[in-house]
Amino acid sequence: MANGKVLFQVIGLGAVAGMRASLATAITSNYLRNHPNPAISRSMFRFMQMPVTAVTTQLVSAAEISNDKMPGTPDRIEPSQVAARVLSGAFVGATIAKANRESILTGMLLGGASALAVTFGSFFLRQYVEENTHLTDPVAGAFEDAFAIGSGVSLMKI
């Protein structure tokens, strides 16, 4: 990717997807709804700019965040969870690349790879924090959520 800003956004939002599968899509859709992009408007990604998509992805993301705090929620390193996060990162990477007239394939690969790395990294970091501090799983998860939301929103503003 020629544009460093786009590269940073693709990798960063892929990382957000690694922490919360649906959050990166919600942040991207909400941003595109408020800042329509002509390159997206004429593409297969145009639905990402629609208000219904922004609202739906935000609701799904809120459900994912609350479900994460429930006992019995599968670990993010379970194969189905890993796949969801990698696909989310790849999708967001492709969307951002398209919006900036960069390679969709490169966006997919970088977003998906970032999501994969952060899925495992954040899993083991969260385990470490829980084992070495007095933070309970829901509290550690809330800190992770705040970091993911803040990072994702900040990335879209650069």
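Take the sequence shown: its letters are residues 1 to 158, numbered as in UniProt numbering. Glycine is no exception: its CB is placed at the ideal position from the N, C-alpha and C atoms. No experiment lies behind these values; they were computed from the predicted model shown.
Taking the C-alpha atoms as reference points, what is the distance between A142 and I65?
Roughly 8 Å between the two C-alpha positions.
Please confirm if the segment 50 to 69 is in contact with the segment 92 to 105, defined as three or more CB-CB distances below 8 Å between the two stretches.
Touching, no.
In or out: K157 buried (at least 16 other Cβ within 10 Å) or exposed?
K157 is exposed by the Cβ-count criterion.
At which residues does the alpha helix (DSSP H) containing N132 begin and terminate?
I104 to N132 is the span of the alpha helix (DSSP H), which, as asked, contains N132.
For F8, which option in N30, P79 and G111 has the closest C-alpha, if you only look at C-alpha atoms?
The option with the nearest alpha carbon to F8 is G111.
Helix, strand or coil, according to DSSP, for L7 in the structure here?
Three-state DSSP puts L7 in a helix.
Can you name, in chain order, every residue of its own chain whose Cβ lies under 8 Å from the Cβ of A26, other than the five neighbours on each side?
Hits under 8 Å: A54, T57, Q58, V60 and S61.
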